[in-house]
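Step one of this worksheet: look at the structure below.
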Amino acid sequence: MFTIVIVLIVALIIIAIVINAIQQHREQVEAERRAELAKQKAVVDETEDALMAAAHIPVSQHMILILNKRILNGLREMLELNPKARDLKQRIKDAEERVKSIDTNQPPPGSDNFSLPDNDKQIIVLIQGIKKLRTILRSENSKGKVDTQVFLAEDKRMARLQLKINVETLVKRGRSAIKSDMLGSARQYFEKAIAALNSSSEQDEYTTARRQELEQNLETIQNNLRNANAQDRARKKEEERDELDELFAPKKKW
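Note that UniProt numbering gives residue 31 to position 31 of the sequence shown, counting from 1, and the numbers run on in steps of one.
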């Protein structure tokens, strides 16, 4: 009888251990499922934000397709992790329709007619949007979801646009400094713009023409600074001469 009791106790302990292990495994699986679901939701949200930013950036339909496919894949992953979510099925259907409607044969918009926003905050948002698009593009390419030629063309296009925004912002600030008669600051802005153009691996008509124009502007600034310095020196000499004349002038007799 005593032996039977011992066996039952041991059996109960084993059963409790097994049940506890199963429960812990279920909790771990559920935690991993929720973490992956949150990850995919973050991917979808991030890509939707990038797609909204792309509406204000001259990007090609290839980039629009990459973004929409990323959203679609994320939604499918979410549905697989949460099959009971009814809204996901409709969102997937809508995403599939958007992917089908994208025409990648449509020529990409040119950046030549792209106008820089007047507000500095808008410029910052624009640059952040381009950087986010390039990050997503590289991520999708590393996963093998983007054709190599498409990746190279899109990354090159956005790098050129990012360079242009940077250069034009510096040029704008340089011109503003000239209007305020701050030639030293203007020179620094133009020098930074030229350095940005020189550091670009892709040289084209824009970089060449802009560099030549900025170098001419720098030369004009340098001449103006030299003339201003010469005028200052001449004025100081004249002031010193006046002081000497006054010092050695014959004293007036009263």
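Positions of the beta carbon are idealized from the N, C-alpha and C atoms, including for glycine.
query	result
Does the beta-carbon distance from Leu79 to Ile71 come in below 9 Å?	no
State yes or no: is the C-beta of Glu36 within less than 9 Å of the C-beta of Glu97?	no
For Arg175 and Ala186, I'd like the C-alpha separation in whole angstroms.	7 Å
Which first and last residues belong to the alpha helix (DSSP H) in which Thr47 is found?	Phe2 to Ala54
Taking the alpha carbon of Lys143 as the point to measure from, which residue in Lys69, Ala11, Glu219 and Ile57 has its own alpha carbon closest?	Lys69
Arg160 and Ser115 - do their beta-carbons sit closer together than 9 Å?	no
Alpha carbon to alpha carbon, what distance is there between Tyr189 and Ala234?	Here Ala234 scores only 49 on pLDDT, less than 50, and its place in the model should not be relied on; the value that follows carries that caveat. Computed Cα separation, rounded: 29 Å.
Looking only at its own chain, which residues have a Cβ that is under 8 Å from the Cβ of Leu65, when we skip the five neighbours before and after it?	Val99, Ile102 and Thr104
By how many angstroms is the C-alpha of Leu67 removed from the C-alpha of Thr47?	6 Å
Consult DSSP for Met158 and reduce its assignment to one of helix, strand or coil.	helix
Need the endpoints of the alpha helix (DSSP H) that Glu202 sits in, please.	First-last for Glu202: undefined, no H or E at that position.
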